[in-house]
Structures are given as structure tokens and as C-alpha cells.
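The sequence shown begins at 1011 in my numbering and counts up by one.
Using N, Cα and C, we set each Cβ at its ideal position, and we do this for glycine too.
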Amino acid sequence: MKIRVVNRILEANERIAEQNREVFQRHGNFVVNLMSAPGAGKTTLLLRTIEMLKERVPVGVIEGDITGTTDAERIGALGVPVVQINTDGACHLDANMINSVLSELPLSEIRLLFIENVGNLVCPAEFHVGEDMKAMILSVAEGDDKPLKYPLMFQESEVLVINKIDLLPHLDSDLDSIRSNALRVNPSLRVFAVSCKTGEGLTDWVEYLLKRVEDRKSN
Ligand code: MG
Ligand code: ZN
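Here is the structure:
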């Protein structure tokens, strides 16, 4: 019985995600759904990424948080269009929440639209919102067993950004085991190891994103 209810929620979500996808396609938006546990560095990665590519591609952001506008304010300070969703307790974004803010963004002026999901390593992976690409962040401080304990997000994601590699000397976890555990649950995952603090590794991630946006345009 419980399973039927959950399925119905996901089916309804899927229909709205499809409507969002049509809107994004019509406006030529390449949409990235950025997911992670709280504190892995989603907003900081976004800030660094937008600084590096905003002169090359018009960017917009949808910020998802349970409450507050601090992340949207940080993004807005870069001069890119941003809209904040407050989920009022819900631990993930769904397609309907995204749908409800689309009219608040200048979609026809945006090529690359980031959606920063609510910090949570579990259910954001279950709800498609009409994105072209799911990318997740895992900070090295979270430990190298996370891909094995929370496989769904790793399996759903095209990209894994391993963040805070500047902390590695202080930790027991190592980059190779994080990478190999992640690839064990999803062999086709694109993995980037970065430090948003030092900037190491960010260029590869940014170039990958730009390439994906270009590929979308030529389709
Ligand atoms: Mg954030
Ligand atoms: Zn949730």
C-alpha cells in the first residue's frame, strides 16, 4: 500500500518534470540539478563556477533551501538572475516547486541554469525536476564510504565533484577510495576532484560544463 502511494507521488512529479523540460527546451536552457549533503559546498562551488564562466555563458540560478535567503543573496551579489525557493521543511525540491518559479526568471536570456537542491544525500535523487544533468558534490570530510551507503544519488548523477581536497592531509579518507567506491556504484560517473578554497581542479569542471552547454545548443 505504501509503495503505491509513493509511486503515485513520483509519477505526478514525473509529469510536471516533463512540462518543465519542455519549457527549458523552448528557451534553450541547459539545466543542472546540483545535489549534496548539507555543508559539502554546493553554494561555494556555484559561486566559484559562476565567477569563472559568467562572461562566456549567461547563467541563472534557482536556490532551494528549507528556509532563508542567504544563499540566494550570495549568488545575487555576482549579478546573475536568481530566485529562492523555501521548501518550508521539505527536504528536497520537486518538479512542481521548480515549475512555480519559472516565470520569475528571464529564461530566454539564460543558457545555463543551475538548480541548487536542498542539502540532503537521499531523496533529492528521487525527484526529477526537468534537468539535463544531475551533478553531485561530496566533500572529502564526509568519508569514503558514502557512495556505498547512499548509492542512489551517485547512480543518478552524471558528474561527481569531490570537494575540499585541500583538507585531505588532515583526514583518514583518501581520494582514491572515494573515487573507486563511487565508480563501483556508477561506472559511468564523471569525477572531478576540486578545492573551492584553492581553486585546484575547478577549470576541468568548468570546461566540462561549457562543453555540455555547447553540445546542447548544436542538438
Ligand atoms: Mg547552499
Ligand atoms: Zn526529501
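To the nearest angstrom, how far is it from the Cα of residue i to the Cα of residue j?
i       : j       : result
Asn1109 : Asp1186 : 39 Å
Met1163 : Glu1119 : 30 Å
Asp1029 : Glu1217 : Correcting the residue type first, residue 1029 is Gln in the shown sequence and not Asp. Taking the straight line joining both Cα atoms gives about 29 Å.
Ser1149 : Asp1081 : 18 Å
Val1092 : Asp1098 : 19 Å
Leu1219 : Asp1225 : 10 Å
Arg1058 : Val1090 : 13 Å
What is the DSSP secondary structure of residue i, counted as helix, strand or coil?
i       : result
Ile1125 : strand
Phe1164 : helix
Ile1172 : strand
Asn1096 : strand
Ile1072 : strand
Ile1147 : strand
Ala1203 : strand
Val1016 : helix
Ser1187 : helix
For residue i, count neighbouring C-beta atoms within 10 Å of its own C-beta (all shown protein chains included) and say buried if the count is 16 or more, exposed if not.
i       : result
Leu1123 : buried
Ser1113 : exposed
Thr1213 : exposed
Ala1087 : exposed
Asp1079 : Before going on, a small fix: residue 1079 reads as Thr here, not Asp. With fewer than 16 Cβ atoms within 10 Å of its Cβ, Thr1079 is classed as exposed.
Asn1017 : exposed
His1180 : exposed
Should residue i and residue j be called a contact, given that it needs their Cβ atoms to be closer than 7 Å?
i       : j       : result
Glu1073 : Glu1126 : yes
Ala1027 : His1138 : yes
Pro1048 : Arg1121 : no
Ile1188 : Ser1046 : no
Leu1117 : Asn1039 : yes
Arg1031 : Gly1140 : yes
Asp1154 : Asn1130 : no
Taking 6 Å as the cut-off, is the beta-carbon of residue i closer than that to any non-hydrogen atom of the ligand ATP?
i       : result
His1138 : The ligand ATP is not among the ligands present in this structure, which contains only the ligand MG and the ligand ZN.
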